[in-house]
Structure formats: C-alpha cells, structure tokens
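Protein chains in written order, with the working numbering: chain A, 1 to 250; chain B, 1 to 235. Idealized CB from N, CA, C, for every residue including glycine. As the structure is a prediction and not an experimental result, all values here were calculated from the model. Below is one structure, written out as structure tokens; the observations come after it.
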C-alpha cells in the first residue's frame, strides 16, 4: 500500500510545486461518511478519508463500569482507540500499544469540551474507535467519526468536533497528509469545535518555524470547515426520513 | 436567521438557530454566552411564536417524572422490587406503592405479589441526579400485566405509535379489541383473545416503527389490521 519514494525524490517533487499524490496544497482526500452502521449500539459512524478508514461506535449513557470510578458530578467519557491487526502493512499486534493508549487520551480530551457530561452524573459514555485501514491521519479521522457517532447516539453536544492534519515541509504547508507526507513532513493535527472557533486539539510532531503557525492554523481551519459541512450533511441525510415521519403525522 | 427555520427542520449539534435573545428555549438547545441559540442534539426544530423547541430524534430513554413505563422485575429485597426499564439504572418499586396499602415484610413475603420475570406497568414517581428512579402504581390503571406479549421498539418512535391525540393507538385497539399498554421507555404490552391477533398487533407496531416517515400511515395500518382480522376470523 502507498507509494515508496526516497527523501530526495520527495523533496524534488515538493520543490517543483506538486504533492506526491498530485493533490493541490489545500486539497483534502476524498471523504466518505456512513452513519448508523451497527444496530446494537446507540451510535455508530464509519469515516473514510482516502485510504484511512475508521469505525467508531458509541455506547451509553450507561452504568459506570467499574463503579468506583463513577463521578457524582458528571459522566465518565471512556475512549478506546485501537488499530485492527489487519489495518497496517505488517500485522499489528492486537495488544494496545503505548501509542494507542496515548491516542485514546488525546481523542478523549479533544471530544470532552464539546460534551455536556454534567447532564449524566455517575454514568459512563463509551467510545470505541477501530482503525480498519491506516494510511495517515487516523487520529483525525477517529475524532471526526467519534463526534458523528456521539451525535447519532443522541448525546448532547455543544458542537461537532472536526479534525484535520496539516503538514509543513520544505517551506510548504500541506493539508490532510498522506502516508508518505506523514513520514517526511512535520505533522500538525488540529481538532476544533467549528461554530465556536475553539481548538480542542493541537499537536506537532516535528520542528517547524513558529512564525508559520498562524498560517498553518488558518489553512487548517478552512479545511475543517469543509469537513464540518460534510459531517452535518451526513447527519441530516441520515435523519431526513425521520423528519417526514413527524411532519406527515401531524 | 430563525425565520428560515419556520417549517419542521432537522438540526444537528452546533447548528445556530437564532442569533438574538428574543426567544425562549425548550428541548435540546442552549443559549450560548454570546447570545446565539444552538442545537445540542440531532432533532426536529419547532418555532412557535417566541419559543424555540428542539425535539430530539435519537438517544436512550431517560426517565422523567410522570412517565408511564413498562418494567420487568429482575430482583427484590424485603420491601421493594427492582425493575429493568431500559434506562441506565434499574428502577425501584416499593411494595406499599404497588399494593396501595402498608406492607409488613414480617407477616408476608414480597414474592407473594410479584416474582422475578413479572411485568409491571408503573409511573415514574421520582428521579434524582445519578440515582435510580422510583416507580409507583398508586394511580389508577397501573399494576401487574398478566399474559400477553411484550414488544420492544426505539423509544423515540413511541409518539408515532400513540399518534396525534392517540389516534393510531385508538385505531389499533378498536379493530383488534386488544389490551395495549404503551411505555415511554419503548416497551409495549399487548394482550388479545388469540395469539394470532397479538402477532398482528406486533406486526403493525413494527411497521409503524420502520415506516414512520410514510404519510397517511394510520390509514395503511388500519387497512392492514382489518385485512388481518378477516383472515384470523376465517381461520
């Protein structure tokens, strides 16, 4: 899977003003969203961004398990980010790795500001993000899928959380990195509540000049707005049949 | 902004419904500190005069005081039963609230009245943040449900099963002559003369859940039921 090219070749392509997969600098990979893919759980969503494919399932609000971690003031948000053994080129061990545990925490912290957890005291909301196919940007795709699954589960939210990765290399800013770019660029994942203009996640995994950060954020925000519109459209279409239900009845 | 939402309209979390303080808010919406009114859940938007109401379309059943629910006994103690009502917690029903008279556990066992697996139609008497709800059968019409069958559907579709001013439910009851109790928690109890009639009602309710978006559904269900009843009576 993915292209294999050397660093020099990558640099040559970037400096000639192109991206390795031929996209424009601010072009997203094709996005596909399906909501309500599992029947038993309260909420579920499948989010695809290029070759990255993430399934997110939400259960709850439910009784807190184990009960000693229950908070009398608010619900516990439990996020599990996992990569399927078949999601990567080489088989991934099913044991949760350090990276998966860290990303679970990162995703939880990106989602928490959007939720009214205080409405469900002593309860638990479980979010499972399963990466079915990994091709860079799995954490951003997981956040996008999780916010849709939470909305589908009927959990009250301030806003949907939308996320995208922006990269910086050889003086160029690229949006929604593919796996080659992910390896060779500085990667800046951003998550936002778009209607509040509030950032809930901002990371950087490599050095980048601080004076380019405002530009990176601006470009990221524009990309996030595009994904946000797609998320809202997907949710509306999912419930479109239900509207006619109630308007037809009354 | 609000004027563009006058008809029934689907809103999703984060949708700005109105941008000023001229409205009061009901249901799944909030007024943000900056004065904008936004939806917090996927729901149907209704604007009546100065009132904005978002009716949620998804979500688990959340017990509210005054709801009529159907529960199944799963446990008991000396003086109360615990019922599964499709909520986060099991609900508690005190023996005195069920019997409508004082109950003395030293004189008789609680299982004399209700055993594990029995089905009860009750009202939510009290709910408290983070604690199990308390049920009561003190009002008329509530009590143990004997015989019949239970049908479980999505709690969000219960209003459609009841219909406008109870029209759908009345239609089903009139044609099939079945006893039906509808719980706000998505559980429906049906008892009829013959099991075939119960099956017919179950089919009708599942069809309402599945095809709830079809307009004129009450008529279609009515035709279905009449045809079904003819077939059952002919044998």
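Residue nearest to residue 44 of chain A in terms of C-alpha spacing, selected from A:216, A:227 and A:146: Just measuring C-alpha positions, the residue of A:216, A:227 and A:146 sitting nearest residue 44 of chain A is A:146.
Whether residue 107 of chain A touches residue 59 of chain A by CB criterion (9 Å): Residue 107 of chain A places its beta carbon 9 Å or farther from that of residue 59 of chain A.
Residue 56 of chain A beta carbon less than 9 Å from that of residue 120 of chain A: No; because the gap between Cβ atoms is not below 9 Å, this pair is not in contact.
9 Å Cβ cutoff, residue 68 of chain A in contact with chain B: Not flagged as an interface residue toward chain B: residue 68 of chain A, since no C-beta distance is shorter than 9 Å.
Burial state of residue 163 of chain A, where buried means 16 or more other Cβ atoms lie within 10 Å: The Cβ neighbour count for residue 163 of chain A, taken over all protein chains shown within 10 Å, is at least 16; the residue is labelled buried.
For residue 2 of chain B, three-class secondary structure by DSSP: Unreliable positioning characterises residue 2 of chain B in this predicted model, as indicated by a pLDDT of 43, which lies under 50. The coordinate reading is nonetheless provided below. If DSSP states are grouped into helix, strand and coil, residue 2 of chain B belongs with the helices.
Unbroken beta strand (DSSP E) run spanning residue 115 of chain A, endpoints: Per DSSP, residue 115 of chain A lies in no beta strand (DSSP E) segment and is marked neither H nor E.
Delimiting residues of the beta strand (DSSP E) encompassing residue 144 of chain A: Element bounds for residue 144 of chain A: not the beta strand (DSSP E) but the alpha helix (DSSP H), 138-152.
Where residue 12 of chain B falls, given that 16 or more other Cβ within 10 Å makes a residue buried: Buried.
Residue closest to residue 198 of chain A, alpha-carbon to alpha-carbon, out of A:36, A:26 and A:114: Of the listed residues, the one whose Cα sits closest to residue 198 of chain A is A:114.
Per DSSP, the bridge partner or partners of residue 143 of chain B: For residue 143 of chain B, which the question treats as bridged, DSSP gives the partners B:121.
DSSP state of residue 59 of chain A mapped onto helix, strand, coil: Three-state result, residue 59 of chain A: strand.
Residue-chain proximity (residue 172 of chain A, chain B), Cβ-Cβ < 9 Å: No, no contact with chain B.
Beta-ladder partner(s) of residue 253 of chain B, from DSSP: Any question about residue 253 of chain B goes unanswered here, given that chain B covers just 1 to 235.
Distance between beta carbons of residue 81 of chain A and residue 103 of chain A, contact taken as under 8 Å: Contact holds; Cβ gap of about 4 Å.
Residue 218 of chain B - containing alpha helix (DSSP H), residue span: Note, residue 218 of chain B: alpha helix (DSSP H), 217-234.
Secondary structure of residue 245 of chain A, DSSP reduced to three states: Legend: pLDDT at residue 245 of chain A = 44, less than 50; position of this residue unreliable, value from coordinates given subsequently. Of the three classes helix, strand and coil, the one that applies to residue 245 of chain A here is helix, per DSSP.
Within chain A, partners of residue 149 of chain B - CB distance below 8 Å: Simply none; closest approach about 22 Å.
Distance, residue 160 of chain B Cα to residue 126 of chain B Cα: Distance between the alpha carbons of residue 126 of chain B and residue 160 of chain B is about 26 Å.
Residues in the stretch 40-74 of chain B having any Cβ partner in chain A nearer than 9 Å: Of all residues in the stretch 40-74 of chain B, only 40, 41, 42, 43, 44, 55, 56, 57, 58, 59, 60 and 62 come within less than 9 Å of chain A when Cβ atoms are compared, listed by chain position.
Backbone CA spacing between residue 50 of chain B and residue 234 of chain A [nearest angstrom]: Approximately 30 Å between the Cα atoms of the pair.
Interface residues of the stretch 211-233 of chain A facing chain B [CB-CB below 7 Å]: Those would be 232, in chain order.
Chain-ordered chain B contacts of residue 78 of chain A [CB-CB under 7 Å]: Annotation: residue 78 of chain A has no Cβ neighbours in chain B at a cutoff of 7 Å; minimum Cβ distance is about 15 Å.
Three-state secondary structure (DSSP) of residue 200 of chain A: Residue 200 of chain A: strand per DSSP, three-state reduction.
Close beta carbons around residue 249 of chain A, own chain, < 7 Å, minus the five adjacent residues each side: Residue confidence for residue 249 of chain A is low, a pLDDT of 38 falling below 50, so the modelled location carries little weight and cannot support an answer.
Interface residues of the stretch 128-145 of chain B facing chain A [CB-CB below 9 Å]: Cβ contacts with chain A: 129, 130 and 131.
Alpha carbon of residue 87 of chain B to alpha carbon of residue 62 of chain B, nearest angstrom: Each residue's Cα considered, the two are about 6 Å apart.
Same chain, Cβ closer than 8 Å to residue 169 of chain B, neighbours up to 5 away in sequence not counted: Around residue 169 of chain B, the same chain offers 161, 162, 163, 180 and 182 as residues with beta carbons nearer than 8 Å, after the five sequence neighbours per side are excluded.
9 Å Cβ cutoff, residue 6 of chain B in contact with chain A: Residue confidence is low: residue 6 of chain B scores 39 on pLDDT, short of 50, so the model does not pin down where it sits. Its coordinate-derived value is still stated next. No - not a single Cβ of chain A is within 9 Å of the one on residue 6 of chain B.
Proximal residues, the stretch 188-199 of chain B versus chain A, C-beta separation under 8 Å: Answer set for the stretch 188-199 of chain B: empty.
C-alpha gap between residue 179 of chain A and residue 136 of chain A, whole angstroms: Using only the alpha carbons, I get a separation of about 5 Å.
Strand pairing of residue 64 of chain A, partner residues [DSSP]: Within the DSSP secondary-structure output, residue 64 of chain A pairs in no beta bridge.
Three-pair Cβ contact test at 8 Å for the stretch 19-37 of chain A versus the stretch 167-175 of chain A: Three or more beta-carbon pairs separated by less than 8 Å link the stretch 19-37 of chain A to the stretch 167-175 of chain A, which places the two stretches in contact.
Simplified DSSP assignment, three categories, for residue 155 of chain B: Taken through DSSP and simplified to helix, strand or coil, residue 155 of chain B comes out as helix.
Spatial neighbours of residue 20 of chain B in its chain, beta-carbon cut-off 7 Å, leaving aside the 5 residues before and after: Result list for residue 20 of chain B: 35, in chain order.
Beta-carbon contacts of residue 22 of chain B that lie in its chain and below 7 Å, excluding the five residues immediately before and after: Here the set comprises 50.
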